[in-house]
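Following: one structure in structure tokens, then a few remarks.
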Amino acid sequence: MQRDAPVPPAPSNNSGFASPELRLACGLIIALAAVSMALRPLLPVDETRYLAVAWEMWWRGGFVLPWLNGQPYHHKPPLLFWLIHAGWAVGGVGETWPRLIGPLSALLTVLSLRQLMRRLWPQQPGAAELAPLLLFGSAYLLAYQIGVMFDVLMLAALSLSWLSLHVALCRNRASDWLLFALAGAVALLAKGPVALMYLLAPMLAWPLWRPSELPAGQRWPAAVLALILATLPLLWWALAASARGGDAFREALLFGQTLDRVSGTMGHPRHCWFFLPFILLLPLPWSLWPPVWRALRRAPALLYERPARFLLAPLLLGTVIHLGVAGKQVHYLIPLLALSMLLLARLLASSSRVLAQARAIAAITGLLLAGTLAAVSLSLRPHYPMAAIGAALASQQEQGRPLAYIGRYQGEFHYAGRLQSPLTGLAPAAVAEWARLHPDGRLLVRAKRLRLDSTSTPIAQFEYKRQPLYLLASTEFIAGRAHAVEPADPPDEGSDPID
9 MQRDAPVPPA
19 PSNNSGFASP
29 ELRLACGLII
39 ALAAVSMALR
49 PLLPVDETRY
59 LAVAWEMWWR
69 GGFVLPWLNG
79 QPYHHKPPLL
89 FWLIHAGWAV
99 GGVGETWPRL
109 IGPLSALLTV
119 LSLRQLMRRL
129 WPQQPGAAEL
139 APLLLFGSAY
149 LLAYQIGVMF
159 DVLMLAALSL
169 SWLSLHVALC
179 RNRASDWLLF
189 ALAGAVALLA
199 KGPVALMYLL
209 APMLAWPLWR
219 PSELPAGQRW
229 PAAVLALILA
239 TLPLLWWALA
249 ASARGGDAFR
259 EALLFGQTLD
269 RVSGTMGHPR
279 HCWFFLPFIL
289 LLPLPWSLWP
299 PVWRALRRAP
309 ALLYERPARF
319 LLAPLLLGTV
329 IHLGVAGKQV
339 HYLIPLLALS
349 MLLLARLLAS
359 SSRVLAQARA
369 IAAITGLLLA
379 GTLAAVSLSL
389 RPHYPMAAIG
399 AALASQQEQG
409 RPLAYIGRYQ
419 GEFHYAGRLQ
429 SPLTGLAPAA
439 VAEWARLHPD
449 GRLLVRAKRL
459 RLDSTSTPIA
469 QFEYKRQPLY
479 LLASTEFIAG
489 RAHAVEPADP
499 PDEGSDPID
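As numbered in the working numbering, residues 9 to 507 make up the sequence shown, in order.
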């Protein structure tokens, strides 16, 4: 493989690893994670669903095919679940390790993007210090990284992928390409094929951002080979899981998901302008900071900077694709937010006064967010007694009683109760027949789907999502003391299973 002259290393500066901006960015992540783990309950339906999938894979002893409530689960690739299993293998089943994955991913993102900025603009060390602070000083991402979710994990893998791709394209060494292939494989296993557009864009834009001191060189054979290697782990998993999940699972995993997401039939169908308000909301508080608006007047000049084109390529491609895809969620924009903050850091970094102000704004944002999180978490805890509900269901299953949930069940209580049998989801119209067929059964139902006579005696009652949740015997419905009804308000069971 041809080797080109190396890019000159980034000049050293007296900030080093322990720069104030880096310490502050990492401190914000750690502080908010600590508040979350100490006070915040795991929230339905997303966090509880993903832990339910990890738990069901764990007790089954199968780590290829994901399961949810007794059914193969095809909506997400396996990396998050595998990471949860790795922690459980060391420290036992619990929620502490799964809740650390997001903050640890955020810290890896900080370090990777800082180093990427140092490579892109070696003569502007302030940009490298400011970029992570802008990103995790954004209230949305700082809050989002505490969740048991996929997007910050993917961002960490993408950040390392971008860094390793820049190194590989500049130095053209086999070891660098292997590192890029590994990081790319992790990104694909984290969130699926959506990561490909963020990997491909800067690769295809190589002629536009190539450092002028480097010869053009022949990069395409190595780049294509590395990209193929990056896709192999995801492809292996998809084929292996499909072989275990059956024809319907194979069809949904390999073909149905992509088409349904593009059309919006899988969930969250929204117009192309859905994202427009979030252009200002996601970067808060920076979108309220006057230096940002002054800096944006210089944004067109970035088109003429070769390093900026490395970031502009995935930013523009990702924007176009997300606008065209019907299925939309706000957190899909997290990689685009990261790329935008890197470019904004480049525009702002020329002023030392801006660096001092940015530290103060980020610190205030972190303090306000931590205080808000603490207050909200304390108010939420009484309304999400997940352990108590899970324990009650586990007790019934240990007695061999069939369980059903009236409404749409998405595994909310499976992890909390360490359940090893599914709950049957029932529409209100189907409850009477199910109760007749399972006279020894138990039904879990929220108050909005229930009418109780004064003579009815629930087995258990919980305060859940600010309304009662009842555990009732089938005999209550058979005797007519309880009646399942359609709720008057729209369903609020949570988001669709894809996210």
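All C-beta atoms in this analysis are idealised placements derived from N, C-alpha and C, irrespective of residue type, glycine included.
When secondary structure is reduced to three states using DSSP, R179 falls in the helix class.
Ranked by how close their Cα comes to the Cα of R426, the residues L121, G398, L341, G78 have G398 in first place. Residue pairing by DSSP puts R459 in a beta bridge opposite H491. Look at T432 here: in three-state DSSP terms it is strand. When the beta-carbon positions are compared, E494 and P436 come within less than 8 Å of each other. In the three-state DSSP reduction, G335 falls in the strand class (E or B). Burial check for I37: the Cβ neighbour count within 10 Å reaches 16 or more, so the residue is buried.
Shown here for G100: not one same chain residue has a beta carbon closer than 6 Å to its own, the five before and five after excluded.
Here R457 is not near A481, since their CB atoms are 8 Å or more apart. Proximity of the stretch 155 to 174 to the stretch 199 to 215 meets the contact definition, three or more beta-carbon pairs being nearer than 8 Å. Distance between P80 and P52, taken at the CA atoms: about 20 Å. The C-alpha of K336 lies about 22 Å from the C-alpha of P86. In this model, V384 and A496 are separated by some 27 Å (Cα to Cα). Residue pairing from DSSP leaves L112 without any beta-bridge partner.
The continuous beta strand (DSSP E) containing R450 extends over residues 450 to 454. With fewer than 16 other Cβ atoms from the protein chains shown falling within 10 Å of its own Cβ, G408 counts as exposed. Residue state for E441 is assigned as helix, using DSSP reduced to three classes. If you ignore the 5 residues before and after A234, its C-beta comes within less than 6 Å of the C-beta of W185, F188, A189, all in its own chain and listed in chain order. Apart from sequence neighbours up to five positions away, the residues of its chain that approach C34 with a beta-carbon distance below 7 Å are L115, V118, ordered along the chain. Listed in chain order, the non-local C-beta contacts of P476 below 8 Å within the same chain comprise R454, A455, Q469, F470, local neighbours out to five positions each way being set aside. For the set K84, N77, G145, L50, the Cα lying nearest the Cα of G102 is the one of L50. In the structure shown, L166 falls within a helical segment according to DSSP collapsed to helix, strand and coil. Secondary structure note for A481: its beta strand (DSSP E) is the uninterrupted segment 475 to 481.
A straight-line Cα-Cα distance of about 45 Å links A370 and L431. Around the beta-carbon of L319, 16 or more other beta-carbon atoms lie within 10 Å, marking it buried.
If only uninterrupted alpha helix (DSSP H) runs of at least 4 residues are considered, those enclosed by the stretch 63 to 141 are 87 to 99, 104 to 128. Here the alpha carbons of F144 and G192 stand approximately 23 Å from one another. Using a Cβ distance threshold of 8 Å, W245 and V61 do not count as a contacting pair. Looking at the backbone, the Cα of L352 and that of R367 are separated by about 15 Å. Measuring C-alpha to C-alpha distances from P447 to each of S462, Y417, A334, A412 identifies A412 as the nearest. Distance between L197 and M45, taken at the CA atoms: about 26 Å. For E471, the enclosing beta strand (DSSP E) begins and ends at 468 to 472.
The Cβ atoms of E137 and E29 sit closer than 8 Å to each other. Look at Y392 here: in three-state DSSP terms it is coil, with no helix or strand label.
Taking a C-beta distance under 8 Å as the contact criterion, M162 and K199 qualify as a contact pair. Between the stretch 174 to 183 and the stretch 325 to 339 there are fewer than three C-beta pairs closer than 8 Å, too few to call the two in contact.
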